[in-house]
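Chains as they are written, first to last, in our numbering: chain F, 8 to 292; chain S, 8 to 292; chain A, 8 to 292; chain C, 8 to 292.
4 protein chains.
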Amino acid sequence: MNDNLEELWCVRVTCDDQTGVVAEFTSALAREGWNILDAQQHTDQSSGRFFMRLEVHHGMSGENALAETLLPAAELVHADVKWLPMSRKPRVAILASKTTHCVVDLLERWRTGELNCEVVCVVANHEHIGVHASWYDVPFYHVPFRPSKSEGFAAIEGILDQHDVDLTVLARFMQIMPAELVGQHEGRMLNIHHSFLPSFAGAKPYHQAHEKGVKLVGATCHYVTADLDQGPILEQEVVRVSHRDGPEELRRKGRVCEREALAHGVKLHLEGRVFVHGQKTVVFP
Amino acid sequence: MNDNLEELWCVRVTCDDQTGVVAEFTSALAREGWNILDAQQHTDQSSGRFFMRLEVHHGMSGENALAETLLPAAELVHADVKWLPMSRKPRVAILASKTTHCVVDLLERWRTGELNCEVVCVVANHEHIGVHASWYDVPFYHVPFRPSKSEGFAAIEGILDQHDVDLTVLARFMQIMPAELVGQHEGRMLNIHHSFLPSFAGAKPYHQAHEKGVKLVGATCHYVTADLDQGPILEQEVVRVSHRDGPEELRRKGRVCEREALAHGVKLHLEGRVFVHGQKTVVFP
Amino acid sequence: MNDNLEELWCVRVTCDDQTGVVAEFTSALAREGWNILDAQQHTDQSSGRFFMRLEVHHGMSGENALAETLLPAAELVHADVKWLPMSRKPRVAILASKTTHCVVDLLERWRTGELNCEVVCVVANHEHIGVHASWYDVPFYHVPFRPSKSEGFAAIEGILDQHDVDLTVLARFMQIMPAELVGQHEGRMLNIHHSFLPSFAGAKPYHQAHEKGVKLVGATCHYVTADLDQGPILEQEVVRVSHRDGPEELRRKGRVCEREALAHGVKLHLEGRVFVHGQKTVVFP
Amino acid sequence: MNDNLEELWCVRVTCDDQTGVVAEFTSALAREGWNILDAQQHTDQSSGRFFMRLEVHHGMSGENALAETLLPAAELVHADVKWLPMSRKPRVAILASKTTHCVVDLLERWRTGELNCEVVCVVANHEHIGVHASWYDVPFYHVPFRPSKSEGFAAIEGILDQHDVDLTVLARFMQIMPAELVGQHEGRMLNIHHSFLPSFAGAKPYHQAHEKGVKLVGATCHYVTADLDQGPILEQEVVRVSHRDGPEELRRKGRVCEREALAHGVKLHLEGRVFVHGQKTVVFP
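Right under this line is the structure:
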């Protein structure tokens with residue numbers, strides 16, 4: 008339990024849309040003296056599903072009081088409600104393969120306070136990633152995928168469990184996750200794909216983009232699901248390219264999109280701004 | 008009074024920030040059976056000022072009921088509250104000079120339903136603008152500024168009064184508005200300036216931009232105030248340029264920014280999404 | 008033949024890459040007193056194909072002299088060479104269906120001198136497009152596609168022939184062109200597709216984009232080929248969207264991309280800046 | 008002298024515009040068997056100044072032969088001509104103060120081969136920058152500016168001389184360079200300013216931007232001159248912001264623009280793509 012009375016809390020609510028949902032929660036909070044610093048809501052018209060994110064604060068009450076305020080309101084409107092202290096730092100694991108730009112960028116943004124989390128480990132199937140983890144004093148695990156992929160994934164599963172990870176970030180991790188591992192981390196595993204999805208899913212997207220002759224390349228941050236490169240999208244970025252750019256130059260230009268889309272996606276998730284809704288996301292800015 | 012019970016209403020609230028403001032309004036609305044379809048709020052940290060925009064709906068009540076619901080809540084928290092039926096079409100006047108791209112774009116967006124308003128007149132100090140107004144069956148007034156500027160502005164004042172205008176849009180109108188006329192239309196007069204303000208305020212911004220050798224040019228949509236090109240900014244757009252582009256080419260590339268920033272700014276204002284707060288704006292997307 | 012000695016000429020060269028191609032042409036031109044005002048070139052590394060665009064000028068010579076200068080150089084390096092006076096206005100036909108934003112934008116850009124061409128006719132299978140053509144004093148043809156599509160396309164073929172059209176622009180023309188007509192206009196027929204290709208080819212791309220939950224939507228200007236929405240891409244534009252945007256709102260936001268990508272693509276083609284090379288394009292800015 | 012016959016050379020030419028300049032150089036090169044892989048040129052219309060950048064290659068000749076080919080051509084048209092092997096790695100010094108994002112980004116891009124140079128030293132007036140230099144095995148100098156600024160700059164001058172630096176990059180170095188030091192490094196010293204210049208020159212640009220309420224913030228990479236923040240601009244980047252963003256959030260969002268504009272500017276300079284022309288630049292992509 009969090010006893011810091013100065014604490015800011017993030018409250019997340021989802022339920023079927025109905026008259027009075029916003030009022031139910033906000034008036035319960037007001038009655039008990041909670042101040043609402045930010046409120047965002049959205050109703051998906053086709054499904055009639057309602058989503059709300061609040062930032063609330065109380066000078067003299069803590070988690071117990073907040074729970075007692077929210078739960079009756081939630082019961083009344085059959086809502087799913089969650090609350091988290093905003094100071095809480097989710098435990099994050101970063102998985103990588105060969106390329107370093109996403110790992111380095113995440114670690115640097117974490118170190119400078121831009122990402123509110125605890126990076127608890129870096130895992131990679133290439134050993135040279137280790138030096139970057141060591142720069143930032145983060146435990147590093149080298150997990151080879153040869154000769155046995157299944158042993159590799161078993162090792163990763165063990166590491167994620169051991170570190171009690173809240174969020175796993177695939178920072179250009181180039182192995183296809185087994186469905187079971189994905190299932191265990193549903194809604195808690197983010198990937199960066201180096202194309203503007205749904206274009207160029209699968210392998211070698213920059214070569215595909217070059218072959219096609221597109222005038223913009225991009226990157227997509229999405230939740231990992233059992234369908235490769237098909238999970239709900241959080242964030243996308245693009246950059247202009249030209250006929251001068253071969254696949255290598257596309258890769259270089261695309262890198263900026265990759266690290267930007269991934270870092271932004273991770274930040275949105277960490278701050279509780281993303282709701283997964285079927286194949287899509289609701290993202291409160 | 009609006010008797011359409013299917014009506015959606017836009018409610019705008021501003022007051023000093025305090026515990027329970029959101030709850031006060033949302034619970035009053037819920038108590039009376041109003042459904043909140045969208046809610047956005049913001050508290051300016053430095054001034055402690057609170058801003059909220061709601062979209063509400065009631066199957067069996069109209070304006071009277073809404074007023075009776077909102078006013079007591081507003082009184083309690085000393086808030087300024089306004090409500091408008093979202094179907095209401097504000098009366099808009101477009102003022103222009105020589106160039107046509109902004110006028111034509113606004114008229115076309117209005118005709119295709121993108122801008123929810125009534126364009127009641129087009130006024131210009133150049134006669135050739137008239138043909139565009141006639142295309143869209145909008146009354147046109149040619150107001151010359153020679154020999155007398157003051158007579159020109161007197162004529163404009165008369166036209167705006169006569170048409171009971173809610174919003175005046177300066178669509179590349181190249182005359183400096185007299186302070187008095189500006190004062191009468193405070194918060195209800197938008198301008199497009201053809202630079203990325205505060206860079207290149209005043210005359211010939213594209214020449215200034217070319218002289219300076221900037222690598223992006225832009226446009227700024229802002230409320231008109233007595234200080235030339237200094238009013239609160241709603242929207243800005245930029246586009247990349249290069250050393251190949253002379254002032255004429257900058258002007259051509261900038262046109263796209265101008266019409267985009269202006270149309271977007273007008274749309275935001277018409278939908279009640281903009282709150283002016285001192286020299287700045289709060290814009291709910 | 009063009010006798011205007013003040014004329015600027017656009018010279019386009021393609022051949023297999025080899026030492027001395029640039030020199031062959033530029034020294035031949037210099038020997039005869041032609042001044043080169045702009046030169047851009049590109050060699051496609053995978054195919055070894057060379058592309059060059061020059062802007063040249065001579066105070067005392069015209070087309071005959073230019074031909075005599077270029078042809079021997081072209082013969083020597085087995086190049087395909089073309090030259091066109093830059094003042095020449097290609098004859099353009101615009102084809103449309105229901106939506107007006109692309110037609111109106113092209114006509115307005117043409118009228119204000121941004122597009123260096125002659126718009127010789129507007130053709131549409133919906134009658135209401137006619138009023139826009141009449142605004143700009145352009146002949147309009149209403150070609151219905153019911154009951155018979157083949158009669159419709161026969162009529163279009165006749166109109167394009169009759170007007171001796173250099174470029175046909177499909178400005179949101181929603182009928183699939185027959186292969187034969189496409190073949191006759193190879194490299195001279197541009198389409199705007201309302202998605203960021205190769206994503207969402209085919210029908211209802213904004214619905215597809217909404218279904219997928221992408222965070223950016225776009226538009227693609229491409230040459231028309233027998234493969235639907237698969238021709239070489241000239242230009243692409245994207246705009247940011249969010250979960251708030253339903254298909255209708257995506258359509259509205261996408262419109263800006265459509266007209267921008269189409270107008271830019273048309274301009275690039277008209278100025279001889281585009282070389283089609285297999286499934287791709289080389290575009291000199 | 009460079010004896011690598013496989014070498015690619017970058018040739019840079021500037022002179023007054025005149026008929027035959029391109030031909031003079033390209034035909035001289037072709038005569039001697041040099042292949043032109045890329046050519047870009049520009050004539051500034053107002054000053055009549057001509058700029059050209061070539062990439063050339065010869066299977067059997069080296070620097071001596073290239074010089075003998077270029078110098079007579081240059082003499083004939085009174086041109087300034089320079090040539091550099093493209094494999095040459097200019098010697099770069101990075102200067103920093105407190106913030107690390109630009110230093111780390113430059114070092115990482117250098118390490119991954121994106122920036123073709125030798126980073127020979129990192130200099131900072133804050134000691135904690137040292138750890139980043141050590142990560143990349145680059146010599147680090149801590150130069151305090153208290154109590155004496157002049158001693159600090161004397162030390163920097165000594166370091167730059169000692170390392171025979173070709174390019175000095177001010178990577179958010181927050182001290183104003185003395186005119187004399189600037190003069191010694193004219194055209195060879197780049198700065199990143201954390202605003203979209205000419206807006207918000209001088210101190211605390213993000214605070215200025217927040218005060219003004221702009222809807223986009225940016226960064227500008229420019230050559231350092233004696234006039235603070237007034238040197239020729241190479242590159243600019245912007246990012247969208249909103250009323251939600253306080254000065255701290257603007258700083259965070261702006262960081263991405265800063266490192267992007269700086270890295271891109273450094274890359275363009277290193278590849279010989281930038282010509283300074285008075286207060287402006289010509290930049291060949």
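Glycine included, C-beta positions come from ideal geometry on N, C-alpha and C.
Query	Result
In terms of alpha-carbon separation, which member of F:THR227, F:SER68, F:VAL145, F:THR33 lies closest to F:CYS264?	F:THR227
Would S:PRO239 pass as a contact of S:VAL283 if the rule is Cβ separation under 7 Å?	yes
Just to check my reading of the structure: C:ARG60 and C:ASP23 have Cβ atoms closer than 8 Å, yes? What is that Cβ distance to the nearest angstrom?	Contact flag wrong, Cβ pair sits at about 17 Å.
How many Å lie between C:GLU244 and S:ARG247 at the Cα?	9 Å
Evaluate contact between the stretch 202–221 of chain A and the stretch 252–270 of chain A, counting only Cβ atoms and requiring at least three cross-stretch pairs below 8 Å.	yes
Within 7 Å (strictly less), CB to CB, does F:GLU242 reach chain A?	yes
In this structure, what does DSSP give as the bridge partners for C:TYR148?	C:VAL130
Spell out the partners DSSP gives S:PHE282 in its beta bridges.	S:VAL289
Starting from S:VAL111, find everything on chain A with Cβ-Cβ shorter than 7 Å and list it in chain order.	GLU115
For a minimum of 3 consecutive residues, which ranges assigned as the beta strand (DSSP E) are wholly contained in the stretch 78–110 of chain C?	87–92, 98–103
Could you tell me which uninterrupted alpha helix (DSSP H) segments, each at least 4 residues in length, are contained entirely in the stretch 151–185 of chain A, listed from first to last along the chain?	156–169
Quick one: measure Cβ to Cβ for A:PRO292 and A:LEU174, integer angstroms, because I've assumed they're closer than 8 Å.	Going by Cβ atoms, the distance from A:PRO292 to A:LEU174 rounds to 20 Å, so no, they are not a contact pair.
So C:GLU255 contacts chain F; which residues on that side make the cut at Cβ distance below 9 Å?	Near C:GLU255 there are no residues of chain F at all, since even the closest Cβ is about 10 Å away, more than 9 Å.
When you compare the stretch 36–50 of chain F with the stretch 107–116 of chain F, are there three or more beta-carbon pairs, one atom per stretch, that lie closer than 8 Å?	no
Taking only beta-carbon positions, decide if F:VAL20 is within less than 7 Å of chain C.	no
Tell me which residue opens and which closes the beta strand (DSSP E) that C:GLN61 is part of.	According to the sequence displayed, residue 61 of chain C carries Leu and not Gln. Here the beta strand (DSSP E) through C:LEU61 covers 56–64.
Tell me which residue opens and which closes the alpha helix (DSSP H) that C:TRP142 is part of.	137–142
Once you ignore the five residues that flank S:LEU102 on each side, which residues in its own chain have a CB closer than 6 Å to its CB?	VAL130, LEU177, PHE180
List the residues of chain S that C:LEU61 touches, going by C-beta distances under 8 Å, in chain order.	Here the premise fails: no neighbours, minimum Cβ distance about 18 Å.
So for F:HIS250, helix, strand or coil by DSSP?	coil
Return the bridge partner residues of A:ALA46 from the DSSP annotation.	A:LEU61
Going by DSSP, what residues sit across from S:CYS228 in a beta bridge?	S:ILE199, S:GLU242
Give me the Cα-Cα distance between F:PRO83 and S:GLY272, rounded to the nearest whole angstrom.	A small correction: the amino acid at residue 83 of chain F is Leu; Pro does not occupy that position in the sequence shown. Taking the straight line from one Cα to the other gives about 41 Å.
Considering only residues of the same chain and omitting the five flanking positions on each side of F:GLU242, which have a CB-CB separation below 6 Å?	CYS228, ALA268, HIS271, GLY272
What is the DSSP secondary structure of C:CYS17, counted as helix, strand or coil?	strand
Quick one: which residues of the stretch 220–234 of chain F get their C-beta closer than 7 Å to a C-beta of chain A? List them in chain order.	GLY220, VAL221, LYS222, LEU223
Mind checking the stretch 151–172 of chain C against chain A and listing, in chain order, the residues whose C-beta falls within less than 7 Å of any C-beta there?	none
Alpha carbons only, please: which of F:TRP16, F:GLN237, F:ALA81, F:HIS201 is nearest the one belonging to F:ARG258?	F:HIS201
Does the stretch 65–84 of chain C come into contact with the stretch 142–158 of chain C, if we say contact requires no fewer than three beta-carbon pairs (one atom in each stretch) closer than 8 Å?	no
Please confirm if A:HIS271 has its CB atom under 7 Å from at least one CB of chain F.	no
Roughly how many angstroms separate the alpha carbons of A:VAL289 and A:HIS192, rounded to a whole number?	19 Å
In terms of DSSP beta bridges, what is F:GLY22 paired with?	Correcting the residue type first, residue 22 of chain F is Cys in the shown sequence and not Gly. Partner(s): F:PHE57.
Residues in its own chain within less than 6 Å of S:VAL189 by CB, not counting five upstream and five downstream?	VAL231, ALA233
So that I know if they touch, is there some Cβ in chain F lying closer than 7 Å to that of S:ASN52?	Residue identity differs from the one stated: residue 52 of chain S is Gln in this sequence, not Asn. It does not; no Cβ of chain F falls within 7 Å.
Please confirm whether A:PRO205 has its beta-carbon closer than 7 Å to some beta-carbon of chain D.	The question asks about chain D, but that chain is absent: this structure's protein chains are F, S, A and C.
Name, please, each residue of chain F whose Cβ falls closer than 9 Å to the Cβ of S:GLU31.	THR33, SER34, ALA37
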